[in-house]
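To keep things clear, I will list the structure first and then write my remarks on it.
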């Protein structure tokens, strides 16, 4: 289970058995990434995939030295529960 960036679709994707099971959509402007929507596909709910894609996306962003605007409530909530990602937020 790996989270990958799909820049053509402006989303991070988490795949299970080759199929997209969760997405975190974004808009990139300069060195700032705006997370706009996170979704777990039907049939994959309740498996912690939302948290896994949030962590994978934020780890990717951290490695690219981007700043985050969490317009998506799920990503905002994940950051609030995991303060190690708080430094990524635009001040």
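In UniProt numbering, the protein residues as written are 1 to 91. Yeah, the Cβ is synthetic: ideal placement off N, Cα and C, and Gly gets one too.
What number of angstroms, rounded off, separates the C-alpha of residue 76 from the C-alpha of residue 91? Cα to Cα, the separation comes out at about 14 Å.
Going by Cα to Cα distance, which pick from 4, 34, 28 is closest to residue 18? Ranking the options by Cα distance to residue 18, first place goes to 4.
Mind reading off the beta-carbon distance from residue 36 to residue 25? Whole number of angstroms is fine, and I expect it under 8 Å. Correct: roughly 5 Å between the Cβ atoms.
Between which two residues does the beta strand (DSSP E) carrying residue 61 extend? It is not in any beta strand (DSSP E) - residue 61 instead sits in the alpha helix (DSSP H) that spans 49-63.
Apart from the five residues just before and just after residue 6, which ones in its own chain have a Cβ nearer than 6 Å to its Cβ? 13.
Cα separation between residue 68 and residue 33? Inter-residue distance for residue 68 and residue 33 is about 5 Å (C-alpha atoms, whole angstroms).
Do you know offhand how far residue 80's Cα is from residue 23's? Between residue 80 and residue 23, the alpha-carbon positions lie close to 20 Å from each other.
Separation of residue 71 from residue 38, as counted between CA atoms: Spanning the two alpha carbons is a distance of roughly 10 Å.
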